[in-house]
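Student:
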Amino acid sequence: MIHVFKENSPSLEEAQNLVGGFVQMVKSPINKSWQILVNEEGLLLGLPMNDEATALVGTGIVGDAVVLKGKARWT
Numbered sequence: 015m016i017h018v019f020k021e022n023s024p025s026l027e028e029a030q031n032l033v034g035g036f037v038q039m040v041k042s043p044i045n046k047s048w049q050i051l052v053n054e055e056g057l058l059l060g061l062p063m064n065d066e067a068t069a070l071v072g073t074g075i076v077g078d079a080v081v082l083k084g085k086a087r088w089t
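Under the working numbering, the letters of the sequence shown match residues 15 to 89, in that order.
Here it is as structure tokens:
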């Protein structure tokens with residue numbers, strides 16, 4: 015599943031709840047202004063492949079992802 019934010023960014027706690035653990039940010043080669051937040055330990059936890067997020071990033075993404083677009087920024 016992908017959760018998209020366009021106006022406001024989630025708090026760290028919200029992002030951790032959405033991805034199910036520690037948050038890691040990856041960039042999208044499709045749109046360099048997008049920020050994609052994923053579970054840092056997703057592979058270790060055996061989370062399922064996220065085909066939609068994988069297509070956005072160009073590499074294997076597992077588990078839920080948060081996509082920040084527009085005014086939503088992770089700082």
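Cβ atoms here follow ideal geometry from the backbone N, Cα and C, with glycine treated the same way.
1) Less than 8 Å between the beta carbons of Leu82 and Ser42, yes or no?
2) What residues in its chain sit with their C-beta under 7 Å from that of Ala86, if we drop five residues either side in the sequence?
3) What does a CB cutoff of less than 6 Å around Met63 pick up in its chain, not counting 5 residues either side in sequence?
4) Is it true that the CB of Ala67 sits closer than 8 Å to the CB of Ile50?
5) Going by the CB atoms, is the gap between His17 and Asp65 shorter than 8 Å?
Tutor: This is what the structure holds:
1) Residue mapping note: residue 82 aligns to position 68 of the sequence shown, counting from 1. Residue mapping note: residue 42 aligns to position 28 of the sequence shown, counting from 1. No; because the gap between Cβ atoms is not below 8 Å, this pair is not in contact.
2) On the sequence shown, position 72 is the one that residue 86 refers to. Scanning its chain for C-beta atoms nearer than 7 Å, with the 5 sequence neighbours on each side dropped, one finds around Ala86 the residues Phe19, Lys20, Glu21, Asn22 and Ser23, in chain order.
3) Within the sequence shown, numbered from 1, the residue matching residue 63 stands at position 49. Val76.
4) To locate residue 50, count along the sequence shown from 1; it is residue 36. To locate residue 67, count along the sequence shown from 1; it is residue 53. Between Ile50 and Ala67, the CB-CB gap stays under 8 Å.
5) To locate residue 65, count along the sequence shown from 1; it is residue 51. To locate residue 17, count along the sequence shown from 1; it is residue 3. In this structure, His17 does not lie closer than 8 Å to Asp65 by Cβ.
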